[in-house]
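What follows is a short report on a single structure.
Number of protein chains: 4
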Amino acid sequence: MARKLKVAVSGLGRMGARHAVNYLEKTPRAELVAVCDPDPKAIAWAKSALEPAGVKIYSDFDEMLAHPGIEAVIVSGITTEHAPQSIRAIEAGKHVLCEKPLSTDLEISQGVLDVAKKYPHLKVMTGFSRRFDQSYRNAWKKADSGDIGRPVVFRSQTCDKYRDDDYFIGYSKVSGSIFVDASVHDIDLALWFFGQDSVVKSVSAVGTCARYQGLKQYGDVDNGVGIVEFWGGKIAYFYACRMMAVGQHDMTEVIGTHGKLTVNANPVHDLVEHHEATGIRKEIGQTYWDRFEPAFIRESNEFTEAVLDDKPLPFKLTGAVQALRIGSYLQEALRTGEKLHFDETGERVTRPAARL
Amino acid sequence: MARKLKVAVSGLGRMGARHAVNYLEKTPRAELVAVCDPDPKAIAWAKSALEPAGVKIYSDFDEMLAHPGIEAVIVSGITTEHAPQSIRAIEAGKHVLCEKPLSTDLEISQGVLDVAKKYPHLKVMTGFSRRFDQSYRNAWKKADSGDIGRPVVFRSQTCDKYRDDDYFIGYSKVSGSIFVDASVHDIDLALWFFGQDSVVKSVSAVGTCARYQGLKQYGDVDNGVGIVEFWGGKIAYFYACRMMAVGQHDMTEVIGTHGKLTVNANPVHDLVEHHEATGIRKEIGQTYWDRFEPAFIRESNEFTEAVLDDKPLPFKLTGAVQALRIGSYLQEALRTGEKLHFDETGERVTRPAARL
Amino acid sequence: MARKLKVAVSGLGRMGARHAVNYLEKTPRAELVAVCDPDPKAIAWAKSALEPAGVKIYSDFDEMLAHPGIEAVIVSGITTEHAPQSIRAIEAGKHVLCEKPLSTDLEISQGVLDVAKKYPHLKVMTGFSRRFDQSYRNAWKKADSGDIGRPVVFRSQTCDKYRDDDYFIGYSKVSGSIFVDASVHDIDLALWFFGQDSVVKSVSAVGTCARYQGLKQYGDVDNGVGIVEFWGGKIAYFYACRMMAVGQHDMTEVIGTHGKLTVNANPVHDLVEHHEATGIRKEIGQTYWDRFEPAFIRESNEFTEAVLDDKPLPFKLTGAVQALRIGSYLQEALRTGEKLHFDETGERVTRPAARL
Amino acid sequence: MARKLKVAVSGLGRMGARHAVNYLEKTPRAELVAVCDPDPKAIAWAKSALEPAGVKIYSDFDEMLAHPGIEAVIVSGITTEHAPQSIRAIEAGKHVLCEKPLSTDLEISQGVLDVAKKYPHLKVMTGFSRRFDQSYRNAWKKADSGDIGRPVVFRSQTCDKYRDDDYFIGYSKVSGSIFVDASVHDIDLALWFFGQDSVVKSVSAVGTCARYQGLKQYGDVDNGVGIVEFWGGKIAYFYACRMMAVGQHDMTEVIGTHGKLTVNANPVHDLVEHHEATGIRKEIGQTYWDRFEPAFIRESNEFTEAVLDDKPLPFKLTGAVQALRIGSYLQEALRTGEKLHFDETGERVTRPAARL
């Protein structure tokens, strides 16, 4: 029998439960052996959904970590535990896939990076799911092969469907604001298409609370627009939104000197079109899961493969910290109303680094 | 541990190999225990791809059938073996999922049906993959809920990408012509949307060999258009083609008294659009697998679930025979150039059953 | 001053009034000098809309024909007058643009053709508006330049929006059934793309009354599907419908040996898309005028130019009669339920001309 | 005979010649009586294209202005003459339609406004063609009727097709940079959808020269991105580009609290789609004329109607000056690298007016 990677999942919330099921059922080369969550509801779910398949359930992370044979840990609990658990898992010699963000705090995120560097034989990755999306990969391959010349302008948006409750408000408290939580995906994509070594030149942002006034107390907004200028004539601009009527609409366009690529400009939920008296109507996906489920499954499988076959991960942990840093800049620019400037080494300066 | 259905796959050609992998890796409640194929190449593939996972390999169908514990057999070898193997499997007390068609011969197909009726506790199904496609299901739900009123006209096409070889010619020899092989899917969909009890009133068809002259020797064509009129004011019309330049483009539209639904009118391969000097370009899937892979996976899982939980299958075996019968009518109409007529019981008559 | 063509319009119904306005306001090289209509309502409209611009109004066609200086007549009244008025105008030495159909009767249509042949210096044309549509022309140019190889299969539909009144029933009485009235446009397009000299090999058709039972009294249907097979391996199939919920959806696809062209597969009314809670919605045009208004304006201008500059018309009158003939075949096939067969000279035969 | 508005056109360059033809041929209630241009080439064109229709040709603006009977003047020559000619025409008692911009200089633009105010009975308008585009109007009506709730975020882009010459560089010298020349249309639209009385709160912009290095000498760029924040929680962001590969792609989206409208997200040139081996391809328009020709014709007709029937113009001259002012802010923000701030009365301030 081919050997399977022994995996444990920490945190069985919305995403954690999905990770657990993915490793249990949709990652042929992995074996889910243990999970943990302090919440009795999560444990009850695990008892019915996972235990019959032989998965051991813990309420304590460290006890789970000590479960014999575990090789890799998926860290998917509350954000404040992402970094500490990742660090403990790494130090215990486990490979780690940590949900994004490592932390909403830059220094803490950097801390994970520092620890990971000490264990170069371990695979440590954050879950930037769009990197595993087939459409983004196809677009990247085209861009990389020169189809659109040199990428110059990058536009990307993360737009959530409006929810008629206060979920986004409560979420804002822990998620670190719209640019850090949502746009961080778009920023990561910008770095992917522009090059991970792109150096920020200036950052500006504006925002407003159109439907969720409760976000103000956390310095957050439900609509934010930001521009990140990079040295070398590269411009990224972002839109993040929590109130789309139609559904989840995350999209990207990459404008190069000789062509343009778009990803999800025209969202597709299924292949049905409805011709009715008011027009032709297409439904679109309602959640990020509708959009990115196959990417999460690919993530599980590629992480597993990278560990088992000692292959390189598709992107580096440093990139995740860099994306978070730029997200924090946008957040600062939003909150202060100021435009931020940087020199060619990326150091903060007080005045525009260059004028036309 | 939850019990898993023990499955065997007969035939490891293009589709059989995919079935085997699906049962091995993508059907959590099933366990692939054995496969068989007389072809040494197929066996070599199985040795590297399946044996390491503990799958037992046979070159003989009956030996495989005798493998201890097998509960269900996937019959996926050459078309002429579909019926005999299905019958032996049923008579051996196995549940059967048989690739379409049961046979290109109506009587032989009916024979499988007759045997299956004697074993009502066994699940016997043919692989009409489109029945498991999420878009068709969504469209059907909308139609069933009355969104488009009463379905009146049904248009459906199966269009394969052109291949620069003689595959389709060789394939025609065994597949029973374009209407029986390709349009049978569209016919099955028409019966699904119009009702399985729809009675054929007339059938006409034309066709031509535009790119594969070699098809003529088998009475086959590479482009065929047919109309199937049903009693009760329902019209289905079909197009089948073996020479699409762009890729696989299977699409359907259902026109009701109060609206219309289309499935795959605008094919989607991924979410990338390419803006280049010659226009905006989208690539589409090249093969039926590109289009229907998720449907095949759903098929494996639902078949498994139906057996394990003794649930009804999503459609009946009789429908498969009926679809094949209509496909044969189209083929006859094509070959003779005559329009076929039927009375309200579906019996063949020599003259139009009614005039306006 | 550049000389302008002196034009008269006969018949000020829906289309006639539009023609009059087009010649008055949107055909710079033409001058509308006279109109006629026996209906007092039409005359009242003309008094307010046309008379102030100096247009002379008549209630009698022949009096209008005698109006000094008239060079061209647009025949746009009731269908039964199309042929007689056209003939009188031709015999009076006028150029004629006659709305389609010349007549619902083939012999009468042929009569116009016969008269026109005697006056070869006169421009006589029927109003096949789609021939003037920019999209059809662009598609034709691409096809003509070999972009799709040899055209093999032609699919075209004329689908009117459902009307909640008995308009289509009353209209059926005089328009000569759905294939002659609506599909005739699609047939004309098929002849354009396949070649005007294409010879019919077989014709079959079915139809049903789904929403307008009153059509039955005229041997007409509100949904009709027909196949016209041409000698030389060319197949056209047609759909005509009077009950589309969404609007007017006339579309065409031309499948060649090396590619496919579609015209209006995705109808566009304006460039607005509405993202709302139920999906992404586009409105489409509601009438043939919404779809073809620019084509009618181009028709006026090109007809005028052809006369003034003695240029050839874009298509021949014989084609209109041929399209009507094929429409009549479809109608016969619909009404008798029989498939019609023809030999390689286009002569009617009783049995299929060839078998596979 | 209904009376026609006597119109003169000054400037017969690319747009001026089109205006002249529109008034000559496509504006039924107007009569083109005179044109002027100092360029012999333009005069030669007018002699062949306009003189035969009775249009008087001048080389001098003031001589043309003195032509008897002229009621309205279309000012369409070089930008530096827009304001002086408009003022002289107004002072001579003529209605004026002046191409945008009134001037690239704000004070000069304001000067036209000041003069126009003294002649309230005259219609004075600038040519913001998108205001006459049917799609923008339909979108505006939907927004105005509350279909998307309150507009919150406005995104709009003006993207020209790349030209393999130095046209854009020479043009930049006189047009006043990309934000003033191109984005001014998007800004005007933002004011239309957000309300003309919207007060700017902050402005930031970045840009780069990706393909036309020669633009740098004029402080201009070929790709510019800017954000204009308005008081009251309204955000507009803009993209302008001179190097699109595919064609002219001007598009807009308006995100409201309860829905979103897009205009030209999916550009349409004609209704043809090409299915070929590399995918499904649609061509798009190559120039602003391809996109907006019908809007220019509607502009001519509505301007004429407004004068003849003394109806209000569809938008006010003050708006044009306001749009230009915001364009100048973007240009300043681009050139200095600074973010600009404004208080609630629109007065410039040195620090962000508010922090979250």
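Protein sequences appear in the order of chains A, B, C and D. Counted from 1, the first sequence has number 277 at position 137 by my numbering; the numbering is strictly sequential. Counted from 1, the second sequence has number 147 at position 7 by my numbering; the numbering is strictly sequential. Counted from 1, the third sequence has number 255 at position 115 by my numbering; the numbering is strictly sequential. Counted from 1, the fourth sequence has number 202 at position 62 by my numbering; the numbering is strictly sequential. No residue lacks a Cβ here, since even glycine has one placed at the ideal position from N, Cα and C.
Can you pull the chain B neighbours of residue i, defined as C-beta to C-beta under 8 Å?
i, result
"E416/D", "A385, V386"
"E369/C", "V346"
"G373/C", "T348, C349, A350"
"P224/A", "Near P224/A there are no residues of chain B at all, since even the closest Cβ is about 32 Å away, more than 8 Å."
Could you compute how far the alpha carbon of residue i sits from the alpha carbon of residue j?
i, j, result
"M265/D", "L242/D", "10 Å"
"E413/D", "F268/C", "22 Å"
"G251/D", "I466/D", "17 Å"
"N441/C", "E231/C", "24 Å"
"E247/D", "L464/D", "11 Å"
"R158/A", "S296/B", "37 Å"
"S188/B", "E221/B", "25 Å"
"F443/B", "E416/B", "45 Å"
"T402/C", "R382/C", "22 Å"
"K374/C", "V147/C", "40 Å"
"V213/D", "K196/D", "14 Å"
"K422/C", "D273/C", "22 Å"
For residue i, which residues in chain D fall below 9 Å Cβ to Cβ?
i, result
"E423/B", "T418, G419, I420"
"G399/C", "H414, H415, E416, A417"
Since residue i sits in a beta bridge, which residues does DSSP pair it with?
i, result
"K301/D", "M384/D"
"I375/D", "V293/D, E369/D"
"V264/D", "V236/D"
"Y276/D", "Answer by DSSP bridge pairing: none, since Y276/D is not bridged."
"N363/D", "T348/D, C381/D"
"E393/D", "R295/D, T402/D"
"A184/B", "A184/B pairs with nothing; no bridge assigned."
Determine the contact status of residue i and residue j, defining contact as a CB-CB distance below 8 Å.
i, j, result
"A435/A", "R270/A", "yes"
"Y352/B", "V365/B", "no"
"I420/D", "V361/D", "no"
"N278/C", "D410/D", "yes"
"G396/B", "P291/B", "yes"
"E369/D", "V346/A", "yes"
"V175/D", "A160/D", "yes"
"K263/A", "A446/A", "yes"
"V149/D", "S216/D", "yes"
"F294/C", "A330/C", "yes"
"T485/A", "P492/D", "no"
Would residue i pass as an interface residue toward chain A - the criterion being a Cβ-Cβ separation below 8 Å?
i, result
"N363/D", "yes"
"D162/D", "The sequence given here has Asn at residue 162/D, not Asp. Not an interface residue."
"V293/D", "yes"
Using 8 Å as the limit for Cβ to Cβ distance, is residue i near chain C?
i, result
"Y377/B", "yes"
"N403/B", "Per the sequence presented here, residue 403/B reads as Val, with Asn not at that position. False, the Cβ-Cβ gap to chain C never drops below 8 Å."
What does residue i reach in chain C if we use C-beta pairs closer than 9 Å?
i, result
"P492/B", "T476, G477, E478"
For chain B, find out if any of its Cβ atoms is closer than 8 Å to the Cβ of residue i; answer yes or no.
i, result
"D575/A", "For chain A, the structure presents residues 141 to 496; residue 575/A sits outside this window and is missing."
"S440/A", "no"
"T427/A", "no"
Under 8 Å between beta-carbons, which chain A residues line up against residue i? List them in chain order, please.
i, result
"E165/B", "P168"
At 7 Å on the CB atoms, spell out the chain B contacts of residue i, in chain order.
i, result
"V320/C", "The premise fails here: V320/C is roughly 14 Å from chain B at the closest Cβ pair, so nothing lies under 7 Å."
Taking Cβ positions only, does residue i come closer than 8 Å to chain D?
i, result
"P192/C", "yes"
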